[in-house]
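The block underneath contains the structure these notes are about, expressed in structure tokens.
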Amino acid sequence: MRAWGIRWKLTIWYGVVLSLILIAFDLGVYEMVRRHLSTRIDQELRVELHELGQEIAISQAQPDFLRELELRFGRHQNCEFEVHSPDGHSLFRSTRLGQEHIGGAVSQASATPAIAETTIAGLGRFRTASQTIDGAVGPLWIQVAAPLAPYLAELRAFGVILAAAGPLALATALGGGYVLARKALTPVDRMAAAARQISARRLDRRIEVPHAHDELGRLAETLNDMIDRLRDSFDEMRRFTADAAHELRTPLAVLQSEAEVALRASRTEEEYRRVLESILEETVRLSRLADQLLTLCRQDAGLAPATVEPVRLDILVHNVAEHLRVVAAEKGLAWEITPLEPYGVAGDAAQLRQVFVNLFDNAIKYTPAGGRIAIAGAIRDGRMVISVTDTGLGIPPEHLPHVFDRFYRVDKSRSRDPGGTGLGLAICKAIVESHGGGITIGGNLGTGTRVCVSLPGQISR
Ligand code: ADP
Numbered sequence: 036m037r038a039w040g041i042r043w044k045l046t047i048w049y050g051v052v053l054s055l056i057l058i059a060f061d062l063g064v065y066e067m068v069r070r071h072l073s074t075r076i077d078q079e080l081r082v083e084l085h086e087l088g089q090e091i092a093i094s095q096a097q098p099d100f101l102r103e104l105e106l107r108f109g110r111h112q113n114c115e116f117e118v119h120s121p122d123g124h125s126l127f128r129s130t131r132l133g134q135e136h137i138g139g140a141v142s143q144a145s146a147t148p149a150i151a152e153t154t155i156a157g158l159g160r161f162r163t164a165s166q167t168i169d170g171a172v173g174p175l176w177i178q179v180a181a182p183l184a185p186y187l188a189e190l191r192a193f194g195v196i197l198a199a200a201g202p203l204a205l206a207t208a209l210g211g212g213y214v215l216a217r218k219a220l221t222p223v224d225r226m227a228a229a230a231r232q233i234s235a236r237r238l239d240r241r242i243e244v245p246h247a248h249d250e251l252g253r254l255a256e257t258l259n260d261m262i263d264r265l266r267d268s269f270d271e272m273r274r275f276t277a278d279a280a281h282e283l284r285t286p287l288a289v290l291q292s293e294a295e296v297a298l299r300a301s302r303t304e305e306e307y308r309r310v311l312e313s314i315l316e317e318t319v320r321l322s323r324l325a326d327q328l329l330t331l332c333r334q335d336a337g338l339a340p341a342t343v344e345p346v347r348l349d350i351l352v353h354n355v356a357e358h359l360r361v362v363a364a365e366k367g368l369a370w371e372i373t374p375l376e377p378y379g380v381a382g383d384a385a386q387l388r389q390v391f392v393n394l395f396d397n398a399i400k401y402t403p404a405g406g407r408i409a410i411a412g413a414i415r416d417g418r419m420v421i422s423v424t425d426t427g428l429g430i431p432p433e434h435l436p437h438v439f440d441r442f443y444r445v446d447k448s449r450s451r452d453p454g455g456t457g458l459g460l461a462i463c464k465a466i467v468e469s470h471g472g473g474i475t476i477g478g479n480l481g482t483g484t485r486v487c488v489s490l491p492g493q494i495s496r
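Going by the numbering used here, the residue at position 5 of the sequence shown is 40; the numbering climbs one at a time, nothing skipped.
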């Protein structure tokens with residue numbers, strides 16, 4: 036999804052959540068205010084009712100107490116009053132009531148103030164408080180009524196304010212939310228633009244890391260790490276192609292010059308034979324190189340071995356060793372193989388055979404006549420470790436870290452003769468690692484070399 040899409044999505048989500056919160060908040064506040072206003076009106080009614088009761092208690096004994104009531108409660112600025120005699124007749128009414136009554140039934144009167152709502156004809160809706168009090172002539176029923184109109188108007192005004200402020204607050208918050216989301220996502224746009232600039236030819240470019248410790252910073256770092264790895268792979272690929280081309284060029288040049296020289300004049304049969312033998316030798320070298328390149332390409336294509344089947348490693352190593360024993364004997368090398376414990380690994384038998392062919396072949400190639408080659412195996416930490424030790428030329432320590440690199444030869448002049456391509460150990464490493472194992476090489480110049488291959492598997496019975 037494009038950056039503006041996320042921006043809008045965030046803003047809309049934010050808006051929906053905020054609207055719900057605002058609506059709940061508005062409803063809550065409205066209800067609180069409504070209750071507060073109605074409590075206030077009830078309070079006022081009770082106070083007035085109390086005052087009316089007290090006035091009656093003080094002046095009832097006097098004959099003109101009704102006139103007293105008229106003076107004090109006849110024209111109250113807010114409330115209406117009514118006093119009923121014990122037999123239910125209206126003794127006193129405030130002026131604005133005229134012929135109307137506050138209403139309600141005497142029968143429901145109680146000694147404590149009772150609150151109710153009523154409509155008085157011509158005057159509107161009222162909230163009322165009624166109570167009976169003990170008068171000198173018997174119980175009197177007194178009533179106070181306050182109009183609801185001002186209270187409702189106040190509540191409506193408040194409702195209008197809330198209704199108007201809600202959308203305003205929402206719009207402001209949404210605008211702010213959008214700006215914030217845009218600000219937060221701007222680095223993503225910049226990163227995308229930077230990533231678009233990066234291509235196979237421009238892998239030296241990097242994405243700017245906005246803030247190293249936040250999520251976007253980590254994303255930028257991860258992308259940069261990925262570009263680093265890509266650059267390394269591209270470099271390796273370029274090196275590999277250049278090396279492969281270089282390796283192919285030498286035998287091809289030899290083939291070409293041999294053929295050209297042979298064709299320049301007529302030759303004896305012996306001379307043609309020699310040229311053809313030389314051409315055959317170079318062809319063998321070329322096809323071996325092609326095979327090795329193919330093996331490496333296959334290894335590069337997938338980390339897992341091509342086929343996975345149970346392989347008896349001890350038997351496999353033994354068979355390869357027996358095959359090469361003849362070659363070693365021809366070169367005058369002592370060949371020792373200590374019997375290996377039965378051990379099974381899961382993997383590709385042909386590939387594993389290739390590993391040991393390469394290792395034994397190297398040992399034979401780099402050990403002069405009269406030397407000794409020993410093959411041994413031991414089970415350590417759930418792995419079978421097979422060592423190939425020779426008493427040959429050895430490898431100087433500074434070369435040890437590189438001998439597994441592709442096309443790496445310790446001494447180009449010394450290994451071209453035995454027909455090395457510098458790919459043997461690289462292939463061994465790729466195969467062993469794809470089987471979950473490891474390979475190490477050690478030894479010193481002059482004292483010989485030891486290569487150890489460890490492969491995970493199980494002891495076979
Ligand atoms: P090559 O095809 O040239 O033998 P490898 O990848 O098998 O290539 O080996 C890389 C280099 O490591 C060789 O050129 C050689 O110099 C050195 N090397 C490998 N095995 C041995 C060994 N057993 N003794 C001495 N040097 C070795």
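Even glycine gets a Cβ: it sits at the ideal position worked out from N, Cα and C.
Nearest-angstrom Cα separation, counted from ASP239 out to ILE262
Straight-line Cα distance between these residues: approximately 8 Å.
Determine the DSSP secondary structure at PRO403, reduced to helix, strand or coil.
coil
Would the segment 378-388 count as touching the segment 312-325 if we require 3 or more Cβ pairs under 8 Å?
Contact fails: fewer than three Cβ-Cβ distances are below 8 Å.
Is the separation between the beta-carbon of PRO148 and that of LEU84 shorter than 8 Å?
Taking 8 Å as the cut-off, the beta carbon of PRO148 is found closer than this to the beta carbon of LEU84.
Measuring only from the beta carbon, is ILE430 closer than 7 Å to any heavy atom that is part of ligand 1?
yes
On the criterion of 16 or more Cβ atoms from any shown chain inside 10 Å, does CYS332 qualify as buried, or is it exposed?
Exposed, because fewer than 16 other Cβ atoms sit within 10 Å of the Cβ of CYS332.
The segment 421-438 touching the segment 399-408, judged by at least three CB pairs closer than 8 Å:
yes
Given ALA146, which residues of its chain have a CB within under 6 Å of its CB, disregarding the five upstream and five downstream residues?
THR167
Buried versus exposed, by CB contacts within 10 Å (16 or more), HIS119
buried
Starting from ASP425, follow its DSSP beta bridges and name the residues at the other end.
ILE408 and THR484.
When every heavy atom of ligand 1 is checked, does at least one fall within less than 7 Å of the C-beta of ASP326?
Flag unset: Cβ of ASP326 not near ligand 1.
If you draw a straight line from the alpha carbon of ARG309 to that of LEU283, how long is it in whole angstroms?
22 Å
Going by beta-carbon coordinates alone, are GLU365 and ILE414 separated by less than 8 Å?
no
Could you pull the DSSP bridge partners for THR163 from this structure?
ALA151 and ALA180
Return the chain-ordered list of same chain residues with a C-beta closer than 7 Å to the C-beta of GLY483, the five sequence neighbours on each side being excluded.
THR424, ASP425, THR426, GLY427 and GLY429
Given that a residue counts as buried once 16 or more other Cβ atoms are within 10 Å of its Cβ, and exposed if not, what is ASP349?
buried
What span of residues does the alpha helix (DSSP H) with PRO286 cover, start to end?
Taken as a continuous stretch (DSSP letters only), the alpha helix (DSSP H) holding PRO286 covers 250-299.
Buried versus exposed call for GLU115 [16 or more other C-beta atoms within 10 Å across all chains shown]
With 16 or more other Cβ atoms inside 10 Å of its own Cβ, GLU115 counts as buried.
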